[in-house]
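Presented below is the structure to which this report refers.
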Amino acid sequence: DAKTTQPPSMDCAEGRAANLPCNHSTISGNEYVYWYRQIHSQGPQYIIHGLKNNETNEMASLIITEDRKSSTLILPHATLRDTAVYYCIVRGGSGNTPLVFGKGTRLSVIA
Amino acid sequence: DGGITQSPKYLFRKEGQNVTLSCEQNLNHDAMYWYRQDPGQGLRLIYYSQIVNDFQKGDIAEGYSVSREKKESFPLTVTSAQKNPTAFYLCASSIRRGLSYEQYFGPGTRLTVT
Numbered sequence: 133d134a135k136t137t138q139p140p141s142m143d144c145a146e147g148r149a150a151n152l153p154c155n156h157s158t159i160s161g162n163e164y165v166y167w168y169r170q171i172h173s174q175g176p177q178y179i180i181h182g183l184k185n186n187e188t189n190e191m192a193s194l195i196i197t198e199d200r201k202s203s204t205l206i207l208p209h210a211t212l213r214d215t216a217v218y219y220c221i222v223r224g225g226s227g228n229t230p231l232v233f234g235k236g237t238r239l240s241v242i243a
Numbered sequence: 013d014g015g016i017t018q019s020p021k022y023l024f025r026k027e028g029q030n031v032t033l034s035c036e037q038n039l040n041h042d043a044m045y046w047y048r049q050d051p052g053q054g055l056r057l058i059y060y061s062q063i064v065n066d067f068q069k070g071d072i073a074e075g076y077s078v079s080r081e082k083k084e085s086f087p088l089t090v091t092s093a094q095k096n097p098t099a100f101y102l103c104a105s106s107i108r109r110g111l112s113y114e115q116y117f118g119p120g121t122r123l124t125v126t
């Protein structure tokens, strides 16, 4: 079972920041938080991951709370092409185990 | 998609026929995975393989079979025993980056069985 809780859907105006929340209250010390997104009829695309520090790359920023029980993915300037289902996944760092997907958040970016 | 190819993109079969879905990666990744996705649902794990000549069942392995004879290839056979084979099938592979692992997906094969 997925170890995360996400809202089923969100809207965001084009050009604004999209902030996607994720709760992972049972996360353990060696588990990472991963974010993927899936545009309709395509394979999921890796976005970013982190352990406890905030992370940023060319696609997004990941903010993890100090207690690590929740995180937020930030798309700084959302475009129509960011419309997708976003998955927050918790996965242990000690082995090459498969990702377990929940239902994710369907983000709609509106012009 | 990062070097993971799945072919064909669309596949049609008659009920009762076995069908094999191809997955190839040129990323030198050790682990490979097969997932199934039904409309409006998340991904469910069918099988995975962490090294050549070894694989493990996922959550929904019944009616499927796999082989891992080469590092770069992980074909999935959908047998006639799979009750509802029509779905979107996704292959993935992963590699260790420091203390974590990154998993990448192929473009998927949409299988329709009638």
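The listed protein sequences correspond, in order, to chains A and B. With this note's numbering applied, the first sequence covers 133 to 243. With this note's numbering applied, the second sequence covers 13 to 126. Where a beta carbon is used, it is the ideal one built from N, C-alpha and C, also for glycine. As the structure is a computational prediction, the values presented were derived from the model and not from experiment.
Notebook entry, point to check: For a contact meaning CB atoms closer than 7 Å, what does Leu231/A contact in chain B?
Noted result: Gln115
Check: What is the rounded straight-line gap between the Cα of Phe233/A and the Cα of Leu55/B?
Finding: 6 Å
Next item on the list: Select from the stretch 172 to 185 of chain A all residues with a C-beta closer than 8 Å to any C-beta belonging to chain B, and list them in chain order.
Entry: Ser173, Gln174, Gly175, Pro176, Gln177, Tyr178, His181 and Leu183
Margin query: So, at 7 Å on beta carbons, what are the nonlocal neighbours of Met191/A in its own chain, with the 5 sequence-adjacent residues on each side left out?
Written below: Ile179 and Ile180
Notebook entry, point to check: Going by the beta-carbon positions, is the gap between Ala73/B and Tyr59/B smaller than 7 Å?
Noted result: yes
Check: Out of curiosity, what's the CA-to-CA distance linking Gly118/B and Leu102/B?
Finding: 6 Å
Check: Straight-line CA distance for Lys235/A to Glu198/A?
Finding: 25 Å
Note to self: Any beta carbon of chain A sitting closer than 7 Å to that of Tyr60/B?
What the structure shows: yes
Item checked: Residues, ordered as in the chain, of the stretch 196 to 224 of chain A that lie near chain B by beta-carbon distance below 8 Å -> Tyr219 and Arg223
Item checked: Selection from Tyr47/B, Ala104/B and Tyr113/B that minimises the alpha carbon distance to Asn162/A -> Tyr113/B
Next item on the list: Check Arg213/A in the structure and name its three-state DSSP category.
Entry: helix
Next item on the list: Using a Cβ-Cβ cut-off of less than 8 Å, list which residues of the stretch 28 to 44 of chain B approach chain A; keep chain order.
Entry: Asp42 and Ala43
Item checked: Rounded distance between the beta-carbons of Pro97/B and Ser125/B, thought under 8 Å -> A small fix is needed here, since residue 125/B is Val in this sequence, not Ser. Right, the Cβ-Cβ distance comes to about 5 Å (below 8 Å), so this counts as a contact.
Check: Could you give the C-beta distance for Thr2/B and Asn30/B, rounded to a whole number, given that I count them as a contact under 8 Å?
Finding: Only positions 13 to 126 of chain B appear in this structure, which leaves residue 2/B out of reach.
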